[in-house]
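Residue numbers (full-length UniProt numbering): 1 to 242. Idealized CB from N, CA, C, for every residue including glycine. What you are looking at is a predicted structure, and each value in this text was computed from that prediction instead of being measured. Below is one structure; the comments refer to it alone.
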């Protein structure tokens, strides 16, 4: 069984045009994501999946591997699935989907996800969560929240503050979803064939497609945060960590 990391990246971004090629201390954002993923000893191979020649050039400058995909991919997961097909992976190979806007990714996050996912071969999909304690971060809709059951399977993901603390007690835990996914290659291909769901369209969260279709998503809690870049101010806020 191989563990393959694929980073979907596109040049166009409605909120932040050219985000993948934004300079962060002398390197492009996509270069930093690629190099952070390479630091995980549990990943066998790393690829960037893109339809952009500029992004391909940026990755080739650091001797990285690129898979060119169709411009018609409607989501990052579709791009990852197309790239995985070109690699002719086995059904039980593990594909890790890392968003191209996570230049501050800690490799320990990947290690936590891979260990948890590969420990149980029957799993089809897994992801990560990190505890939130700051009220501003909890209320930020860019921080997707997740609630999960006692067996660590996701119940729901939302941009809203969940769970709602009706009595305003001090014992409520909030978890931020970290947008990194593990799939069996077999399920990844099935996932992209699922119809778009109503909750997915409302929240604009792809993972809800799997939940609405009745699939389980394992949630692994990690001590390591991996902030994403939603707008230029996020770069300023987190660059000190580099």
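In this structure, the alpha-carbon of residue 107 lies about 15 Å from that of residue 101. Under the three-state reduction of DSSP output, residue 131 falls in the strand class.
Of all C-beta pairs linking the region 80–100 to the region 35–55, three or more are shorter than 8 Å, placing the two stretches in contact.
Taking the C-beta atoms as reference points, residue 197 is found nearer than 8 Å to residue 212. For residue 177, the beta-bridge partners assigned by DSSP are 129. The three-state secondary structure of residue 8, taken from DSSP, is strand.
DSSP, reduced to helix, strand and coil, places residue 112 within a helical segment of the structure shown. Secondary structure at residue 156: strand, using DSSP grouped into helix, strand and coil.
With respect to the C-alpha of residue 69, the residue from 176, 158, 179 and 9 having the closest C-alpha is 9. Shown here for residue 83: same chain residues with a beta carbon closer than 7 Å to its own, the five before and five after excluded, namely 6, 47, 49, 67 and 69 in chain order. Distance from the CA atom of residue 163 to the CA atom of residue 103, rounded to whole angstroms, is 29 Å. Counting only the Cα atoms, residue 19 lies some 7 Å from residue 29. Here residue 31 is buried. Its C-beta has 16 or more other C-beta atoms within 10 Å. Leaving aside the five residues that flank residue 40 on each side, the residues in its chain whose CB is nearer than 6 Å to its CB run, in chain order, 107, 110 and 111.
In the same chain as residue 221, and ignoring 5 residues on each side of it, the C-beta atoms closer than 6 Å to its own belong to 129, in chain order. Where residue 50 is concerned, there is no enclosing alpha helix (DSSP H), although the beta strand (DSSP E) around it starts and stops at 45–50. Annotation note: the region 49–95 contains the following uninterrupted beta strand (DSSP E) runs of length 3 or greater, listed N- to C-terminal: 66–68. Going by beta carbons, residue 175 and residue 125 fall outside the 8 Å limit.
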